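Q:
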Amino acid sequence: MLNSTVLTEEDIIEVVNLKGREKGIEVTHIEITNGIRFLGKVKSKLNSNFKGMLYIKKFFNNKIVLEIEDFNITSFGILKGSSNIVLKAIVKMIGEDYITIRGNYITIDLEKINDDSIFYNIPINDVFIKDKSLYIIGTNLSMYLHA
C-alpha cells in the first residue's frame, strides 16, 4: 500500500538541520514554489552563507536527482565564482557518500543512507512538489521520518 508524507518548509528545515548542524551546516530559510529556494550558513572552517534554488528533475531506482540553480556561497574570495567546486568540497568535508555532484546536478542515493535517526530502508516510489509542500510517496512511510 502506498502512503504519502507531506513536508512543509518548516519540516524540511528541521529534517535537513538534524544532520546538518552536527556537520556545521544550517539551513535558515526555505521557500517552496516550483522548486525549493534555500538560504543557510556554513560554520566551522568556512564561516559563510549560501543560497540557491533546487528543482526535482527525476526520481529512479531510489535515487533523487536535483538540479541546483543560482547557487552562491559568500566569503570565499577567489573561489566565490566557483560555487560548484566549493559545493563538492563541502560534501566531501561532511563525509556523505550518498550525495554525488556532477555539474549542476545533485544525486541523492537513498539506498546508501544508513543513519537510523532519519531514514529507514523503505522504498520510495516518487518525490514531487505540490501546493507549496514536498511529497514523498512510498510504502510504510509512517515510519519513514523522525520529524
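If you read the sequence shown in full-length UniProt numbering, its first letter stands for residue 1, the second for the next number, and so on. Positions of the beta carbon are idealized from the N, C-alpha and C atoms, including for glycine. All values reported here derive from a predicted model rather than from experimental measurement.
1. Applying the 10 Å Cβ sphere with the 16-neighbour rule, what's the burial state of residue 103?
2. In angstroms with no decimal places, state the Cα-to-Cα distance between residue 68 and residue 5.
3. With a threshold of 8 Å, are at least 3 pairs of Cβ atoms found where one atom belongs to the segment 35-49 and the other to the segment 20-27?
4. Roughly how many whole angstroms lie between the Cα atoms of residue 55 and residue 66?
5. DSSP has residue 53 in a bridge; who is on the other side?
6. Need the endpoints of the beta strand (DSSP E) that residue 109 sits in, please.
7. When the Cα atoms are used, what is the spatial distance from residue 11 to residue 2?
8. Residues in its own chain within less than 6 Å of residue 198 by CB, not counting five upstream and five downstream?
A: In brief:
1. exposed
2. 23 Å
3. yes
4. 5 Å
5. 37 and 69
6. 105-109
7. 21 Å
8. There is simply no residue 198 to check, as the chain begins at 1 and stops at 147 in what is shown.
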